[in-house]
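Read in order, the letters of the sequence shown are residues 61 to 366 in this note's numbering. First the structure, in the form of structure tokens, and then the observations on it.
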Amino acid sequence: MTRSILAGPAVWKGDGLSQSPDWKWDFSNTDPRAIREALESGPGALMLHGFPIDQYDRNEAREAFRSWCGELGNLLAQNERGDTVFEVTDAGFGSSDLRIRGPNTNKKLSFHTDRCDVIVFLCWKKALIGGENEVVSSMHLYNEIAQRRPDLLKILMESFTYKRHTVDLGNESRYCQQPIFSFRNGFFACSFLRVLIDRAHADPELPDLTPQQIEAIDFLEVVAGEPGQSCRFMQERGDILILNNWVTLHRRTAFEDGESPEEKRRIFRTWLSMPNSRPIDERFEANFGATGAGKVRGGFPVLRDE
């Protein structure tokens with residue numbers, strides 16, 4: 061079932077986020093409860109300036125960041141080993157390396173969400189050139205598509221097949237099916253990772269996308285990429301970017317590093333399940349686990365030693 065145009069504090073357009081004082085906070089004056097509330101009922105995106113990055117070496121900063129994120133929500137595994145902090149940096153993997161993920165390349169990424177309620181980034185080192193962040197309100201995209209192509213909006217609320225990620229080694233399921241736009245108990249949710257949809261479509265053993273589904277996700281990406289739809293900015297050293305994945309999509313531009321290892325762009329990333337999270341469509345159960353409000357969900361299954 062589709063809804064009419066959405067309204068609320070999380071619906072912003074383009075620079076409406078960057079121009080709002082509500083999303084830029086000082087790190088030294090933050091309360092975890094206020095952050096959780098702003099992510100769930102406010103803008104859905106926050107930038108915290110002033111993490112005391114220069115007090116630490118790299119390993120110490122990563123651990124301090126992990127500890128701080130653990131006060132916000134439940135830390136989730138980002139690989140089969142159970143690591144809860146992922147370093148977003150160019151790992152130099154070849155194109156055929158099965159370990160390759162968008163975050164460990166220097167390529168431009170497309171708009172997407174991650175497998176968690178909230179994603180948190182701490183900038184340790186920005187790139188020599190490029191590496192800008194872009195964030196778009198998925199509630200705003202819903203409104204735009206509702207106005208322009210309501211026929212495609214209905215398609216985006218259908219189930220799409222996702223192939224298991226190549227690095228999701230602890231997951232026994234080869235695929236799952238979930239919607240892009242959905243509602244449960246009046247709560248909106250958007251989840252979108254096209255690379256896994258396309259891999260499912262290319263797999264002869266999995267269901268093909270219909271022409272209408274391809275048109276719908278193409279149109280979603282076109283609208284998200286139009287000038288003025290997203291907020292674009294550079295995350296500086298010590299900045300913490302926090303996003304509610306259910307109401308935002310994010311991507312980053314391509315980048316170039318300096319010559320030495322110390323000059324490589326490096327962002328620490330955590331995935332969180334939030335105690336004040338919204339209920340989500342039951343079709344997300346196969347990919348996220350629990351779907352009820354405030355339940356622990358998301359992340360990668362961890363391989364257990366025999």
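Note that the Cβ used here is the ideal one computed from N, Cα and C, for glycine as well. Just so it is clear, the structure is predicted and the values come from calculations on it, not from any experiment.
What do you reckon, are the CB atoms on residue i and residue j nearer than 9 Å?
i, j, result
"Val195", "Arg329", "no"
"Gly352", "Asp177", "no"
"Leu303", "Gln295", "no"
"Leu216", "Pro239", "yes"
"His200", "Val282", "no"
"Ile274", "Phe252", "no"
"Leu182", "Ala121", "yes"
"Ser233", "Arg224", "yes"
"Asn305", "Asp174", "yes"
"Asn139", "Val227", "yes"
"Arg161", "Pro335", "no"
"His172", "Arg259", "no"
"Trp331", "Leu135", "yes"
"Leu77", "Trp83", "yes"
"Asn231", "Phe360", "yes"
Could you please give the first and the last residue of the uninterrupted alpha helix (DSSP H) stretch that includes residue i?
i, result
"Met199", "Ser198 to Arg208"
"Trp128", "Arg118 to Leu132"
"His261", "Arg254 to Ala262"
"Gln272", "Pro271 to Gly285"
"Glu100", "Pro92 to Ser101"
"Ala346", "Glu345 to Phe348"
Relative to the alpha-carbon of residue i, which residue among the options has its alpha-carbon at the smallest distance?
i, options, result
"Cys236", "Thr221, Leu229 and Ala249", "Thr221"
"Arg326", "Gly354, Glu100 and Gly191", "Gly191"
"Pro81", "Glu97, Trp331 and Met107", "Met107"
"Val362", "Arg141, Ala67 and Pro112", "Arg141"
"Asp341", "Ser219, Glu322 and Trp184", "Ser219"
"Ser333", "Asp75, Gly68 and Leu99", "Leu99"
"Glu322", "Gly110, Thr173, Leu77 and Ala187", "Ala187"
"Ala206", "Gln273, Asp174 and Leu280", "Leu280"
"Ser242", "Thr226, Asp263, Tyr202 and Val227", "Tyr202"
"Gly285", "Leu266, Asn305 and His310", "His310"
"Glu319", "Ile189, Arg161, Arg234 and Asn231", "Ile189"
"Gly152", "Leu213, Asn336 and Pro163", "Pro163"
"Asp91", "Ser101, Glu123, Trp128 and Pro103", "Trp128"
"Gly288", "Ser197, Glu123, Lys185 and Gly349", "Ser197"
"Trp184", "Lys355, Lys324, Ser337 and Ser170", "Lys324"
"Ser101", "Arg338, Val356 and Lys355", "Arg338"
"Phe146", "Gln79, Asn119, Leu132 and Phe344", "Asn119"
"Arg386", "Asn231, Gln272, Trp85 and Arg93", "In the structure as shown, the chain begins at 61 and stops at 366. Residue 386 is therefore absent and cannot be evaluated."
"Leu229", "Glu345, Lys214 and Arg364", "Arg364"
"Phe93", "Ser170, Leu132, Gly354 and Glu345", "Inspection of the sequence shows that residue 93 is occupied by Arg rather than by Phe. It is Leu132."
"Asp299", "Gln79, Phe111, Gly68 and Asn89", "Phe111"
"Pro103", "Gly349, Asp263, Pro264 and Gly68", "Gly68"
Measure how close the beta-carbons of residue i and residue j come, nearest whole angstrom, since I'm counting them as under 8 Å.
i, j, result
"Phe293", "Asn166", "Their Cβ separation, rounded to whole angstroms, is 19 Å, which puts Phe293 and Asn166 out of contact at 8 Å."
"Phe87", "His109", "6 Å"
"Ala105", "Thr313", "That belief does not hold up - the Cβ atoms of Ala105 and Thr313 are roughly 17 Å apart, past 8 Å."
"Gly74", "Cys291", "6 Å"
"Ile179", "Arg297", "Their Cβ separation, rounded to whole angstroms, is 19 Å, which puts Ile179 and Arg297 out of contact at 8 Å."
"Phe247", "Leu66", "No, Phe247 and Leu66 are not in contact; Cβ-Cβ is about 11 Å, not under 8 Å."
"Asp317", "Asp150", "6 Å"
Using a C-beta cutoff of 9 Å, does residue i count as contacting chain C?
i, result
"His261", "As a matter of chain content, chain C is missing from the structure shown, which is built from one protein chain."
Go to residue i, then tell me how far its beta strand (DSSP E) extends in each direction, as first and last residue.
i, result
"Ser78", "Segment Asp75 to Ser78 is the alpha helix (DSSP H) holding Ser78; no beta strand (DSSP E) there."
"Ser333", "Arg326 to Ser333"
"Ser219", "Ser219 to Lys223"
"Gln295", "Note, Gln295: premise wrong, no beta strand (DSSP E); not H, not E."
"Glu265", "Note, Glu265: premise wrong, no beta strand (DSSP E); not H, not E."
"Trp184", "Val178 to Lys185"
"Ile340", "No beta strand (DSSP E) holds Ile340; DSSP gives it neither H nor E."
"Lys29", "Because the chain in this structure spans residues 61 to 366, residue 29 falls outside the shown range and cannot be described."
"Glu147", "Phe146 to Val148"
"Gln238", "Tyr235 to Pro239"
"Ala249", "Phe247 to Cys250"
"Asn41", "Residue 41 is absent from the structure shown; the chain starts at 61 and stops at 366."
"Thr308", "Thr308 to Arg312"
"Ala105", "Ala105 to His109"
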